[in-house]
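All remarks here apply to the structure that follows.
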Amino acid sequence: MKGNVNNGEAEDRGEDVQATLKHITNKYTNSLPKVEHQTIYVPAPSNIILTGSTGSLGSYLLDVLFLEPSIKKVYCLNRSSDAFERQIFSFHDRQVNVKLLLSPKAEFLTTNLGGKTLGLSQSKYNELLNKTDAIVHNAWKVDFNLSVHSFKKDHIRGTRNLLNLSISSRKAAHMYFISSIATTSSWDPSRGKIPEDILPDTVEPPLQGSRDQQQKSGGYWNPDEWFPSLVSTSKSMCSIPKWLGMLVEWIPVNTLAQVVLEIIQCGKDSKKSIPASVINLVNPTRTTWATLLPTIQRRIGANPVSLQSWVRALGETDAVNVGNRPAYKLLSFYERLARSNSDDSSPQFETNKASAASPTFRALGPIDSSLVHTWLDK
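Using the working numbering, the first residue of the sequence shown is number 530, and each one after it goes up by one.
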């Protein structure tokens with residue numbers, strides 16, 4: 530578990546970051562029950578629990594799950610009581626076929642993941658225990674400015690409750706937790722590539738911000754995410770950074786959803802019960818920001834400047850202009866990028882497990898100007 534404690538209770542009390550995270554980790558993992566039963570072999574998952582279906586990646590995940598013939602049922606767990614209506618809007622906004630939602634394959638359930646039975650009736654919870662083959666947890670909040678303490682009630686406890694369901698389920702449902710690469714942002718590049726493994730406690734947790742948060746970069750970007758915020762802010766400021774202190778290793782979000790599906794299918798095709806596994810989903814064919822910059826620059830009419838100059842100008846944003854500069858909300862993130870020395874300073878990721886599990890991942894090419902045009906058109 531990694532987290533941002535800069536703006537939270539730990540900093541106010543002067544607590545050690547590592548001690549705070551260790552305390553929270555112990556609290557939510559010490560009583561994890563042992564798995565007493567053997568995994569029931571199922572050639573392909575037929576009943577899936579999906580959290581966060583109305584979000585960017587969640588919508589594309591639901592799309593590929595709908596289209597996969599071997600999947601009979603998708604339980605969409607969302608906090609809002611109007612999740613189905615939100616899903617219609619999300620599909621329409623992302624140009625996903627809304628008619629898919631008419632299928633009985635999906636069931637939308639209003640949940641509270643922090644609750645013992647996920648906020649569901651006992652009968653519905655028992656149904657999930659009996660039928661679920663896989664759990665895809667895609668609802669972890671990505672917010673650079675929140676403290677780790679603010680995640681305890683719904684996110685950390687909610688993840689633990691989903692683990693309880695996984696362990697207690699009749700079919701020993703595999704759980705797939707979709708995280709942010711913020712967990713690796715303090716990795717020292719001199720140690721080599723970031724492994725597809727649980728990072729040791731000796732790796733310091735990120736203090737705030739991160740590098741490239743969720744690799745969600747396909748047909749649609751959430752306007753609050755850092756890349757679209759940078760583009761719209763650069764248009765308002767009439768200037769755009771020449772470089773970003775990192776290489777571009779994004780995966781289009783619709784492609785990412787297909788990769789996740791293939792990983793799920795690969796996991797259930799094995800009769801072996803394996804311990805927790807980490808898979809890095811970043812584009813193995815990296816490119817540079819400078820390669821993409823001319824396309825963006827032509828579209829928004831901004832002059833290239835140093836990242837440091839751009840960040841300084843962003844920091845001087847007044848109340849009149851803040852509405853046109855959404856990147857101001859992520860100022861600390863961009864300041865972190867500005868402290869990087871060069872694109873080459875960003876660490877690389879091992880992706881052998883991803884390549885072994887997903888044919889779509891193996892076929893990935895670099896992000897190019899045509900994809901950038903697609904994003905800007907959205």
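Using N, Cα and C, we set each Cβ at its ideal position, and we do this for glycine too. What you are looking at is a predicted structure, and each value in this text was computed from that prediction instead of being measured.
Cβ separation of residue i and residue j, assumed to be a contact under 8 Å, to the nearest whole Å
i, j, result
"M704", "I664", "4 Å"
"V901", "I825", "6 Å"
"V788", "S887", "5 Å"
"L949", "L561", "Residue 949 cannot be examined here, being either before or after the span of the chain that is shown, 530 to 907."
"P855", "T762", "6 Å"
"K601", "S632", "In fact, because the Cβ distance is near 11 Å, the residues do not count as touching under 8 Å."
"D683", "L629", "The Cβ separation is near 28 Å, so there is no contact."
"L594", "I577", "6 Å"
"E725", "V807", "5 Å"
"I707", "L586", "7 Å"
"I896", "T816", "6 Å"
Residue i vs residue j beta-carbon contact at 8 Å
i, j, result
"T661", "K722", "no"
"L642", "G581", "no"
"L893", "I710", "no"
"N832", "S765", "no"
"M775", "L866", "yes"
"N783", "T880", "no"
"W908", "W772", "Residue 908 cannot be examined here, being either before or after the span of the chain that is shown, 530 to 907."
"T583", "Q624", "no"
"L843", "L860", "yes"
"I727", "A805", "yes"
"T640", "S610", "no"
"R689", "Y557", "yes"
"A668", "F637", "no"
"V849", "Y857", "no"
"E718", "P876", "The question names Glu, but residue 718 is Pro in the sequence shown. Yes, Cβ-Cβ distance for P718 and P876 is below 8 Å."
"F878", "S884", "no"
"V603", "K645", "no"
Residue-level contact to chain B via CB, residue i, 8 Å cutoff
i, result
"P833", "Of the protein chains in this structure there is only one, and it is not chain B."
Outcome for residue i when other beta-carbon atoms lying within 10 angstroms are tallied against a minimum of 16
i, result
"N812", "buried"
"P598", "exposed"
"H666", "buried"
"K551", "exposed"
"G830", "exposed"
"S899", "exposed"
"C605", "buried"
"I792", "buried"
"T814", "exposed"
"A702", "buried"
"F618", "exposed"
"V627", "exposed"
"T549", "buried"
"S588", "buried"
"K882", "buried"
According to DSSP, residues forming a beta bridge with residue i
i, result
"N607", "T639"
"M704", "I664"
"F618", "Bridge partners of F618: none, in fact."
"V777", "T816"
"S768", "N832"
"K722", "The partner list for K722 (beta bridge, DSSP) is empty, contrary to what the question assumes."
"F595", "The partner list for F595 (beta bridge, DSSP) is empty, contrary to what the question assumes."
"L579", "C605 and V665"
"F878", "I723"
Extract the residue ranges of the beta strand (DSSP E) inside the segment 813–850, only unbroken runs of 3 or more that lie entirely within it.
832–834
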